[in-house]
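The numbering used here numbers the first residue of the sequence shown as 644 and each following residue consecutively. In this text, a Cβ means the ideal position worked out from N, Cα and C, and glycines have one as well. Just below is one structure, and these are the notes that go with it.
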Amino acid sequence: MDVGIIPGTDDKPTIPFRRRGEYSVRVFLLLAGLIGLVSVAFGAIAEHTIRPAVDAEYFRYLMTGVRYNQVHAVALLALAFGLGLPLADATRGRVQIAAWLMVVGTVLFSGSIYLAVSLDVMAITYLTPVGGTLLMGAWLALIWAGWKAR
Numbered sequence: 644m645d646v647g648i649i650p651g652t653d654d655k656p657t658i659p660f661r662r663r664g665e666y667s668v669r670v671f672l673l674l675a676g677l678i679g680l681v682s683v684a685f686g687a688i689a690e691h692t693i694r695p696a697v698d699a700e701y702f703r704y705l706m707t708g709v710r711y712n713q714v715h716a717v718a719l720l721a722l723a724f725g726l727g728l729p730l731a732d733a734t735r736g737r738v739q740i741a742a743w744l745m746v747v748g749t750v751l752f753s754g755s756i757y758l759a760v761s762l763d764v765m766a767i768t769y770l771t772p773v774g775g776t777l778l779m780g781a782w783l784a785l786i787w788a789g790w791k792a793r
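As structure tokens, then:
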């Protein structure tokens with residue numbers, strides 16, 4: 644933790660504080676790593692264990708979940724690094740909204756496909772379009788952040 648000077652306080656040392664956005668960067672780096680790890684692990688499990696046990700259509704669904712999982716792990720990593728940049732508070736908030744929507748959307752979209760195919764519980768696929776909608780919302784929030792950035 645850094646001990647710093649808060650602007651406008653006569654330059655006197657103050658209680659320790661973290662640089663703005665440091666927490667968000669750490670959280671989203673960890674989540675990007677976790678989501679990426681899950682995508683690689685589940686891709687390997689799907690290819691070597693689940694593929695022989697399911698028909699081609701279900702395997703295609705499963706690999707769609709893996710693909711979306713991997714793409715959004717990389718996108719979340721980019722958002723985490725972006726949060727490390729000097730951003731206006733409003734822009735930072737919009738990027739954080741995009742990142743959280745991406746995390747929850749990825750978990751619901753890919754996770755529901757993983758569970759449906761690997762455990763043969765197709766009823767859970769009602770969460771897949773919810774996750775997809777949240778992922779679209781994440782991209783819209785990122786567009787909003789860029790549009791309103793100062």
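Would a C-beta distance cut-off of 8 Å place residue i and residue j closer than the cut-off?
{"i": "Q713", "j": "S667", "result": "no"}
{"i": "L705", "j": "A689", "result": "yes"}
{"i": "A742", "j": "L770", "result": "no"}
{"i": "S755", "j": "T734", "result": "no"}
{"i": "L796", "j": "F671", "result": "The requested residue 796 is not part of the displayed model; the chain covers only 644 to 793."}
{"i": "R737", "j": "A788", "result": "yes"}
{"i": "G774", "j": "L751", "result": "yes"}
{"i": "A716", "j": "A675", "result": "yes"}
{"i": "R793", "j": "A731", "result": "yes"}
Would you kindly report the start and end of the unbroken alpha helix (DSSP H) that includes residue i?
{"i": "G780", "result": "770–791"}
{"i": "R690", "result": "It should be pointed out that residue 690 corresponds to Glu in this sequence rather than to Arg. First-last for E690: undefined, no H or E at that position."}
{"i": "M765", "result": "No alpha helix (DSSP H) contains M765, which DSSP labels as neither H nor E."}
{"i": "L728", "result": "First-last for L728: undefined, no H or E at that position."}
If you drop the 5 nearest sequence neighbours on each side, which residues of the same chain put their C-beta closer than 7 Å to that of residue i?
{"i": "A759", "result": "M765, I767, T768"}
{"i": "S761", "result": "I693"}
{"i": "G725", "result": "V738"}
{"i": "S682", "result": "V709, N712, Q713, A716"}
{"i": "D673", "result": "At residue 673 the sequence reads Leu, which differs from the Asp that was named. Once the five neighbours on either side are set aside, L673 has no close Cβ partner at all."}
Once you ignore the five residues that flank residue i on each side, which residues in its own chain have a CB closer than 8 Å to its CB?
{"i": "T776", "result": "G748"}
{"i": "F702", "result": "A689, I693, R694, V760"}
{"i": "L778", "result": "Y711, H715, L744, M745, G748, T749, F752"}
Report back the beta-carbon spacing between residue i and residue j to the nearest angstrom; my notes put them in contact at under 8 Å.
{"i": "P757", "j": "G708", "result": "Per the sequence presented here, residue 757 reads as Tyr, with Pro not at that position. Confirmed, about 6 Å."}
Which residues in the same chain as residue i place their Cβ atom closer than 6 Å to its Cβ, once the five residues preceding and following it in sequence are excluded?
{"i": "L785", "result": "A741"}
{"i": "W790", "result": "none"}
Cβ of residue i versus every heavy atom of the ligand SAH: is any distance shorter than 7 Å?
{"i": "Y701", "result": "For the structure depicted, the ligand SAH is absent and the ligand set is empty, with no information on it obtainable."}
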